[in-house]
Amino acid sequence: MLSNYFKVAFRSLRQNKTFSILNILGLSLGMASSLLILLWVRDERSVDGFHTPLAAELKTTIPEIETAVGIDMGDNFTFRGNDKTLKAKGGYAGERFFSMFSFPLLLGNAATALKRPRGYCPFQNARL
Numbered sequence: 042m043l044s045n046y047f048k049v050a051f052r053s054l055r056q057n058k059t060f061s062i063l064n065i066l067g068l069s070l071g072m073a074s075s076l077l078i079l080l081w082v083r084d085e086r087s088v089d090g091f092h093t094p095l096a097a098e099l100k101t102t103i104p105e106i107e108t109a110v111g112i113d114m115g116d117n118f119t120f121r122g123n124d125k126t127l128k129a130k131g132g133y134a135g136e137r138f139f140s141m142f143s144f145p146l147l148l149g150n151a152a153t154a155l156k157r158p159r160g161y162c163p164f165q166n167a168r169l
């Protein structure tokens, strides 16, 4: 039964070549357009919709802003400890991050957590 459908479709394609070519081109163009639109929407939705990274520019441009903080996410970092190496995805933020946002901390104090960038890790003696 299924082979009959393929035979009929193939015969129809051979008999109506112009109509078939137009239909196939239209279908492929529509599918390509749909995929491009899907990729564009996916990219637009993935761009920083949570907190803005334009802290310094906003603070200088708009005088009503009292506090601004920069955020950089999505970098790959390598941590070393106890002769082991761990690669993880992470990011970093400005010193006033925890005064502006209410993210909970697992360890440490929110007031002093980001005072010493790139040189201090509270997990230095932790086992990896």
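One point on numbering: in our numbering, the residue at position 76 of the sequence shown is 117, and numbering is uninterrupted.
Where a beta carbon is used, it is the ideal one built from N, C-alpha and C, also for glycine.
Legend entry - Alpha-carbon to alpha-carbon, Val110 and Arg137: 6 Å
Inset, instruction - Alpha carbon to alpha carbon, how far is Leu54 from Leu77? Give it in angstroms, no decimals. - result: 28 Å
Inset, instruction - Pick helix, strand or coil for Ile112, following the three-state DSSP scheme. - result: strand
Legend entry - 7 Å Cβ shell around Ala96 - same chain, five flanking residues per side excluded: Ala109, Val110, Gly111 and Gly135
Inset, instruction - Return the chain-ordered list of same chain residues with a C-beta closer than 7 Å to the C-beta of Met114, the five sequence neighbours on each side being excluded. - result: Gly132
Legend entry - Check whether Ala154 and Phe142 have beta carbons under 8 Å apart: no
Inset, instruction - Mind checking which residues open and close the beta strand (DSSP E) that includes Gly132? - result: Lys125 to Ala134
Legend entry - Bridge-paired residues (DSSP) for Thr119: Lys128
Inset, instruction - Leaving out five residues on either side along the sequence, give the residues of the same chain with a beta carbon under 7 Å from the beta carbon of Ser61. - result: Leu54
Legend entry - Cβ-Cβ separation, Asn117 to Lys130 (assumed contact under 8 Å), whole Å: 6 Å
Inset, instruction - Leaving aside the five residues before and after Ala68 along the sequence, list all residues of the same chain whose C-beta is less than 8 Å from its C-beta, in chain order. - result: Note that residue 68 is Leu in the sequence shown, not Ala. So no residue of the chain qualifies.
Legend entry - Coil, strand or helix - Ala96 by DSSP: helix
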